[in-house]
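Numbering of the sequence shown is given in the working numbering, commencing with residue 1301 and proceeding in unit increments. By construction, the Cβ of each residue, glycine as well, lies at the ideal position given by its N, Cα and C atoms. For reference, the structure is listed below as structure tokens.
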Amino acid sequence: MSDGDRTATRLLQSSASHSYDPAIEIDWDAALSAGKYFVPPHRSSLYGTTIWDGLSEEQRITLTRHEAASIAGLGIWFETILMQLLIRSYYGQDPTTAHAQYGLTEVADECRHSVMFGKMIEKLGTPVYRPDGVNAALGKWIGATATGPRMFAAILICEEILDTLQREAMASEQVEPLVRMVSRIHVVEEARHVRYAREELARQVRAAGPRRLMLDKLVIGRAAYLCGTRLIHPAVYKSIGVRPSDGWRAARANPHFRETIRWAGERVVAYLGELDLIDGPGKPLWKRSGLL
């Protein structure tokens, strides 16, 4: 049995024991709690700025409601790409192997997660925030073509950033219980996905040649830039009467939020650094992402 099949066998057993159905586990009809934030307030993109200081408590909560929806929207976008990648990879595999079967199991997990995030956004009553323009076009390209290191590294960046943010949110008494429950389910199941992606990425890097890795590093750097700069969509600031461009600039300059982005990406940056996937043609994009 290959290393990949051994890992997949363990993850299949974990999936059988620790999987959740959000339609059953979450009471979607329950009213949202009064006075609760939707991300920990110190993780809001404007926390500590003069804009934040001028907001009422209700406006601050409203902003975090839209920020939580933005994070969920980015999660759905990346999960949709991941499902395409996994299905394309499965197409040529032996369906009797644990490795192939775990790939399908992860697709099933991601389907439930995307439904869960979509229902949460609906419950929050916000717009659907997701990448657009060039980012949307790049997402379609990656979903249709990506293989090897860039496939797993690009997804791992988003997965690990969301995982770090949600681990804190699910433990915070300041955060709305619905968001905490969604975060808890995602964290438990995403731990398997991160383990799978990390081990698969390491194998793919070992198998790739230097020329192939140069292109991969550029694509990975672009994915890092997207995650770092579009985790919070500029349009969220409309919810508190701030122009998107003004809010985005304030967030990008905010030392508190800059530290949040760096902190959220700390684990994945360290891991990708160990695999030598940051230095090279994608390094300038990493620097602009705020993750380094």
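Would ALA1313 be called buried (16 or more neighbouring beta carbons within 10 Å of its own) or exposed?
Within the sequence shown, the letter at position 13 stands for residue 1313. Checking the sequence, you will find Gln at residue 1313 rather than Ala. Burial call: exposed.
How would you label VAL1434, buried or exposed, when you count the other beta carbons within 10 angstroms and need 16 or more for buried?
If you number the sequence shown from 1, residue 1434 lands on position 134. When all chains shown are included, VAL1434 counts as exposed.
Check the C-beta distance from GLN1504 over to PRO1449 and give it rounded, since I have them as a contact under 8 Å.
The sequence position of residue 1504 within the sequence shown is 204, counting from 1. The sequence position of residue 1449 within the sequence shown is 149, counting from 1. Going by Cβ atoms, the distance from GLN1504 to PRO1449 rounds to 5 Å, so yes, they are a contact pair.
Beta-carbon proximity check, LEU1311 vs TYR1496, cutoff 7 Å:
What you label residue 1311 is simply residue 11 of the sequence shown in a count that begins at 1. What you label residue 1496 is simply residue 196 of the sequence shown in a count that begins at 1. Judged by beta-carbon spacing, TYR1496 lies within the 7 Å limit of LEU1311, meaning their Cβ atoms are closer than that value.
Where ASP1579 and ALA1523 are concerned, what is the direct C-alpha to C-alpha distance, given to the nearest angstrom?
Indexing the sequence shown from 1 puts residue 1579 at position 279. Indexing the sequence shown from 1 puts residue 1523 at position 223. Rounded to the nearest whole angstrom, the C-alpha separation of ASP1579 and ALA1523 is 14 Å.
Between the alpha carbons of ARG1492 and SER1315, how many angstroms are there, rounded?
The count along the sequence shown starts at 1 and reaches residue 1492 at position 192. The count along the sequence shown starts at 1 and reaches residue 1315 at position 15. Taking the straight line from one Cα to the other gives about 8 Å.
How would you label CYS1527, buried or exposed, when you count the other beta carbons within 10 angstroms and need 16 or more for buried?
The residue you call residue 1527 lines up with position 227 of the sequence shown. Under this definition CYS1527 is a buried residue.
Between the segment 1337–1352 and the segment 1552–1560, do three or more beta carbon pairs fall short of 8 Å?
Verdict: yes, contact present.
Have a look at THR1445 and VAL1415 and give me their C-alpha separation to the nearest angstrom.
In the sequence shown, counting from the first residue as 1, residue 1445 sits at position 145. In the sequence shown, counting from the first residue as 1, residue 1415 sits at position 115. Going from the Cα of THR1445 to the Cα of VAL1415 covers about 25 Å.
Just the C-alpha distance for VAL1569 and CYS1458, rounded to the nearest angstrom, thanks.
One-based indexing of the sequence shown puts residue 1569 at position 269. One-based indexing of the sequence shown puts residue 1458 at position 158. A direct Cα-Cα distance of roughly 11 Å separates VAL1569 from CYS1458.
First and last residue of the alpha helix (DSSP H) that includes ARG1543?
Looking up residue 1543 in the sequence shown gives position 243. For ARG1543, no alpha helix (DSSP H) run applies, since DSSP gives it neither H nor E.
Quick one: grab the DSSP three-state call for TYR1429.
As a position in the sequence shown, residue 1429 is number 129, starting the count at 1. For TYR1429, the three-state secondary structure derived from DSSP is coil.
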